[in-house]
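Participant: First the structure, then my questions, so here it is.
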Amino acid sequence: MSQNECPYLVGVAEVDVTPPLGSKLAGFASRTGGATGVYLPLRAITTAITERATDHTVIIVSLEWLGFYDNTDNVRAQIEALTGVTEANILLCGTHTHCGPPMREFVDGQCREGIDKPWLEKAFANIAATAKQAMETRQPMSLSSTIGWCGLARSRRRPDGKGGVTWNPTLDAPHDHTVPMLRFNDEQGALRHVLFGYAAHTSAAGQILEFGGDYAGFAMVELAKELGCTCAFLQGCAGDQKAYLHKDEDGFPKYTIDEVHEMGRHLALAVEREIKFGRWQEVSGVLSAQNQKVDLNLTVLSRDEYAAWLESKNPFFVKWARAHVEMLDRGEKPDTAIRLELQAVRFGNSLVMLAMSGEMSAEYGLRTVKEFGSRFGQVWPVAYANGIVGYVCSERQLPEGGYEVFSNMQGIMKPGPYISGTEDKIFNTARQMLTS
Numbered sequence: 007m008s009q010n011e012c013p014y015l016v017g018v019a020e021v022d023v024t025p026p027l028g029s030k031l032a033g034f035a036s037r038t039g040g041a042t043g044v045y046l047p048l049r050a051i052t053t054a055i056t057e058r059a060t061d062h063t064v065i066i067v068s069l070e071w072l073g074f075y076d077n078t079d080n081v082r083a084q085i086e087a088l089t090g091v092t093e094a095n096i097l098l099c100g101t102h103t104h105c106g107p108p109m110r111e112f113v114d115g116q117c118r119e120g121i122d123k124p125w126l127e128k129a130f131a132n133i134a135a136t137a138k139q140a141m142e143t144r145q146p147m148s149l150s151s152t153i154g155w156c157g158l159a160r161s162r163r164r165p166d167g168k169g170g171v172t173w174n175p176t177l178d179a180p181h182d183h184t185v186p187m188l189r190f191n192d193e194q195g196a197l198r199h200v201l202f203g204y205a206a207h208t209s210a211a212g213q214i215l216e217f218g219g220d221y222a223g224f225a226m227v228e229l230a231k232e233l234g235c236t237c238a239f240l241q242g243c244a245g246d247q248k249a250y251l252h253k254d255e256d257g258f259p260k261y262t263i264d265e266v267h268e269m270g271r272h273l274a275l276a277v278e279r280e281i282k283f284g285r286w287q288e289v290s291g292v293l294s295a296q297n298q299k300v301d302l303n304l305t306v307l308s309r310d311e312y313a314a315w316l317e318s319k320n321p322f323f324v325k326w327a328r329a330h331v332e333m334l335d336r337g338e339k340p341d342t343a344i345r346l347e348l349q350a351v352r353f354g355n356s357l358v359m360l361a362m363s364g365e366m367s368a369e370y371g372l373r374t375v376k377e378f379g380s381r382f383g384q385v386w387p388v389a390y391a392n393g394i395v396g397y398v399c400s401e402r403q404l405p406e407g408g409y410e411v412f413s414n415m416q417g418i419m420k421p422g423p424y425i426s427g428t429e430d431k432i433f434n435t436a437r438q439m440l441t442s
């Protein structure tokens, strides 16, 4: 194939990032024991893509941990030092498995007695090394994209009929069952690599003391076995979504590892179906990336509202309330600033990935596609990217309350929910980036 037929150079490399047994696990605040086993090794999979005509390069890392969080600048700097690719062109994505290592300086220090900094630094160096390896092994490839379907996800915000929500599986709230994917074929037409995404929390395995990548990890393994190529997962706007298989019990059931594996098969089959029978569109055009920070703000409650939470039976809520009461009594103002990063990776007008550095509610993904779908052949919302700031609820969810709106903020010692207008502010910035 000619350069016109294979307009990109693509390389892929991966490394095991499974911590040693006995290490703590992140994802559930109440889980404090060390890991006793590994049900699926954790990996970082790096994809390097260069447009041959311009020599523009984008590096995408899929990491089977919660994410990169406050380690983003460090990892980007290491990758840039080894590859020469600049920060705006490096997209760091967490699959958000809840069976990976703690890596957040503040949050994990509060809940899990700190983080293993020496081991993390070795892991970050190894991740950066995969970027170098991916760059060194690039070969000409053609790209094409499509969107599949998988009914695995359920919203975890079931309307209670009183204006609020309960923590239960439902399809009576916004959800996203699309499976965006990007395939890479070499000069002989052979399938070499697949990027795919979905919007559902990778927390189905529950609070077990074993490392593993949850349903997304199993999906990658199943796909690699079936397709004979590397496969990497990018988490979507899954802040209020969970993977769900029906069982005869209320709420979200406890699943065995075999059942989590079955979830992975469901998602893998959705990708395989499109590989075999789907209608794919060519991905072409100038490869570019840009990022922009959006300054967001949180609400501050009254002293009486904070004080009322001192009676809670939840020690995290009591700690949060006491800290804010004491802060107000000292005449200090709580920090209300949140800085969200948006990163756009564009392949001309054929495909755009809009990556958001938060646990975005599903409505952000749905609105992204709706707002920008007429400008691009395909729009791919990605969340849990780069320096994750925590949950970001939609405007519609604010009056409903619930975990994604308020309780999560208490857990990370933030003063209150986002102010009204936050969603529009994010999309105003995205619009400036994608319509310029």
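Last residue of the sequence shown: number 442 in the working numbering, and the count goes up by one each step with no gaps. The beta carbon of each residue, even a glycine, is placed where N, CA and C say it ideally should be.
(1) Per DSSP, which residues does cysteine 243 bridge with? Please list them.
(2) With a threshold of 8 Å on Cβ separation, who are the neighbours of methionine 415 within its own chain once the five nearest residues in sequence on each side are excluded?
(3) Can the beta-carbon of serine 151 be found closer than 8 Å to that of aspartate 246?
(4) If you follow the beta strand (DSSP E) that methionine 1 is in, where does it begin and where does it stop?
(5) Taking a contact to mean a Cβ-Cβ separation below 8 Å, would you say alanine 205 touches glycine 157 in this structure?
(6) Sort out for me which residues DSSP pairs glutamate 20 with in a bridge.
(7) With H, G and I counted as helix, E and B as strand and the rest as coil, what does DSSP make of serine 413?
(8) Would you tell me roughly how many angstroms separate the C-alpha atoms of glutamine 194 and proline 13, rounded to the nearest one?
(9) If we require 3 or more residues per run, which beta strand (DSSP E) segments fall completely within the region 245-326?
(10) Within the continuous beta strand (DSSP E) that includes alanine 206, where are the two ends?
(11) Mind checking asparagine 355: buried by the 16 CB within 10 Å criterion, or exposed?
(12) If you count every other CB in all the chains shown that lies within 10 Å of the CB of threonine 38, and 16 or more means buried, which is it?
(13) Helix, strand or coil, according to DSSP, for methionine 187 in the structure here?
(14) Out of Met141, Arg82, Glu142, which one is the CA nearest neighbour of glutamate 127?
(15) Please identify the residue among Ser29, Ala159, Ser148, Ala222 whose C-alpha is closest to the C-alpha of isoleucine 121.
(16) Could you tell me the boundaries of the alpha helix (DSSP H) in which phenylalanine 353 lies?
(17) Roughly how many angstroms lie between the CA atoms of leucine 240 and serine 68, to the nearest whole one?
(18) Checking the sheet assignment: what are the DSSP bridge partners for isoleucine 65?
(19) Roughly how many angstroms separate the alpha carbons of aspartate 61 and serine 294, rounded to a whole number?
(20) According to DSSP, is histidine 330 helix, strand or coil?
(21) Return helix, strand or coil for glutamate 11, following the three-state DSSP convention.
(22) Which residue marks the beginning of the alpha helix (DSSP H) containing proline 340, and which one marks its end?
(23) Tell whether a beta-carbon distance below 8 Å holds between glutamate 111 and aspartate 79.
(24) Quick one: measure Cβ to Cβ for valine 277 and phenylalanine 378, integer angstroms, because I've assumed they're closer than 8 Å.
(25) Just the C-alpha distance for serine 442 and valine 200, rounded to the nearest angstrom, thanks.
(26) Confirm, please, whether the CB-CB distance from glutamate 86 to alanine 50 is below 8 Å.
(27) Thinking C-alpha only, which one of Thr342, Gly212, Val375 is nearest leucine 357?
(28) Going by C-alpha distance, which of Glu311, Thr56, Gly270, Thr236 is nearest tyrosine 250?
(29) Could you tell me which residues DSSP puts in a beta bridge with glycine 40?
(30) Is the separation between the beta-carbon of alanine 391 and that of methionine 419 shorter than 8 Å?
(31) What's the gap between the Cα of leucine 275 and the Cα of lysine 231?
(32) Short check: CB of alanine 238 to CB of methionine 141, under 8 Å?
(33) Quick one: what does DSSP say threonine 236 is sitting in, helix, strand or coil?
(34) Is arginine 437 helix, strand or coil when you go by DSSP?
Facilitator: So, to answer that:
(1) Along the sequence shown, read from residue 1 onward, the residue named residue 243 stands at position 237. DSSP, once it has assigned bridges, lists no residue as partnering cysteine 243.
(2) Counted from its first residue, the sequence shown places residue 415 at position 409. Result list for methionine 415: Leu304, Gly396, Tyr397, Pro421, Gly422, Pro423, in chain order.
(3) Taking the first residue of the sequence shown as 1, we reach residue 151 at position 145. Taking the first residue of the sequence shown as 1, we reach residue 246 at position 240. No.
(4) A question about residue 1 goes unanswered here, because the residues of the chain that appear run from 7 up to 442.
(5) Reading the sequence shown from its first residue, position 199 is the one you call residue 205. Reading the sequence shown from its first residue, position 151 is the one you call residue 157. Judged by beta-carbon spacing, glycine 157 lies beyond the 8 Å limit of alanine 205, meaning their Cβ atoms are not closer than that value.
(6) The sequence position of residue 20 within the sequence shown is 14, counting from 1. DSSP output for glutamate 20 lists Ile51 as bridge partner(s).
(7) What you label residue 413 is simply residue 407 of the sequence shown in a count that begins at 1. Helix.
(8) Numbered from 1 along the sequence shown, position 188 holds the residue referred to as residue 194. Numbered from 1 along the sequence shown, position 7 holds the residue referred to as residue 13. Near 14 Å, if we compare the C-alpha coordinates of proline 13 and glutamine 194.
(9) 247-249, 287-289, 293-303
(10) The residue you call residue 206 lines up with position 200 of the sequence shown. Counting along the chain, alanine 206 falls outside any beta strand (DSSP E), and DSSP gives it neither H nor E.
(11) If you number the sequence shown from 1, residue 355 lands on position 349. When all chains shown are included, asparagine 355 counts as exposed.
(12) Counted from its first residue, the sequence shown places residue 38 at position 32. Threonine 38 should be labelled exposed.
(13) Along the sequence shown, read from residue 1 onward, the residue named residue 187 stands at position 181. Reduced to three states, the DSSP call for methionine 187 is strand.
(14) Counted from its first residue, the sequence shown places residue 127 at position 121. Out of Met141, Arg82, Glu142, Arg82 has the C-alpha closest to the C-alpha of glutamate 127.
(15) In the sequence shown, counting from the first residue as 1, residue 121 sits at position 115. Checking every option, the nearest Cα to that of isoleucine 121 belongs to Ser29.
(16) Locating residue 353 in the sequence shown gives position 347, where the first residue counts as 1. Here phenylalanine 353 belongs to no alpha helix (DSSP H); instead the beta strand (DSSP E) covers 343-353.
(17) The residue you call residue 240 lines up with position 234 of the sequence shown. The residue you call residue 68 lines up with position 62 of the sequence shown. Distance between the alpha carbons of leucine 240 and serine 68: 6 Å.
(18) Residue numbering aside, residue 65 sits at position 59 when the sequence shown is read from its first letter. Per DSSP, Ala54, Ile96.
(19) By one-based count along the sequence shown, residue 61 stands at place 55. By one-based count along the sequence shown, residue 294 stands at place 288. Approximately 10 Å between the Cα atoms of the pair.
(20) Residue numbering aside, residue 330 sits at position 324 when the sequence shown is read from its first letter. Histidine 330 falls in the helix class under three-state DSSP.
(21) Position 5 of the sequence shown, counted from the start, is the residue given in the question as residue 11. The answer is coil: DSSP assigns glutamate 11 none of H, G, I, E or B.
(22) Position 334 of the sequence shown holds residue 340. Per DSSP, proline 340 belongs to no alpha helix (DSSP H) and is neither H nor E.
(23) In the sequence shown, the residue the question calls residue 111 occupies position 105. In the sequence shown, the residue the question calls residue 79 occupies position 73. No, the pair does not count as a contact, with Cβ atoms beyond the cut-off.
(24) The count along the sequence shown starts at 1 and reaches residue 277 at position 271. The count along the sequence shown starts at 1 and reaches residue 378 at position 372. Not quite, the Cβ-Cβ distance comes to about 23 Å (not below 8 Å), so this is no contact.
(25) One-based indexing of the sequence shown puts residue 442 at position 436. One-based indexing of the sequence shown puts residue 200 at position 194. Rounded to whole angstroms, serine 442 to valine 200 spans 29 Å at the Cα level.
(26) For the purposes of this step, residue 50 is taken as the residue at position 44 of the sequence shown. For the purposes of this step, residue 86 is taken as the residue at position 80 of the sequence shown. Contact: no.
(27) Within the sequence shown, numbered from 1, the residue matching residue 357 stands at position 351. Ranking Thr342, Gly212, Val375 by Cα distance to leucine 357 puts Val375 first.
(28) Along the sequence shown, read from residue 1 onward, the residue named residue 250 stands at position 244. When each option's Cα is compared against that of tyrosine 250, the closest is Gly270.
(29) Residue 40 sits at position 34 when you count from the first residue of the sequence shown. Lys30.
(30) Stepping through the sequence shown from its first residue, residue 391 is reached at position 385. Stepping through the sequence shown from its first residue, residue 419 is reached at position 413. Against a cut-off of 8 Å, the Cβ pair of methionine 419 and alanine 391 comes out as no contact.
(31) Indexing the sequence shown from 1 puts residue 275 at position 269. Indexing the sequence shown from 1 puts residue 231 at position 225. When rounded, the distance between both Cα atoms is 12 Å.
(32) Against the sequence shown, residue 238 aligns to sequence position 232. Against the sequence shown, residue 141 aligns to sequence position 135. Cβ atoms of alanine 238 and methionine 141: not closer than 8 Å.
(33) The residue labelled residue 236 in the question sits at position 230 within the sequence shown. Strand, per DSSP.
(34) The residue labelled residue 437 in the question sits at position 431 within the sequence shown. Three-state result, arginine 437: helix.
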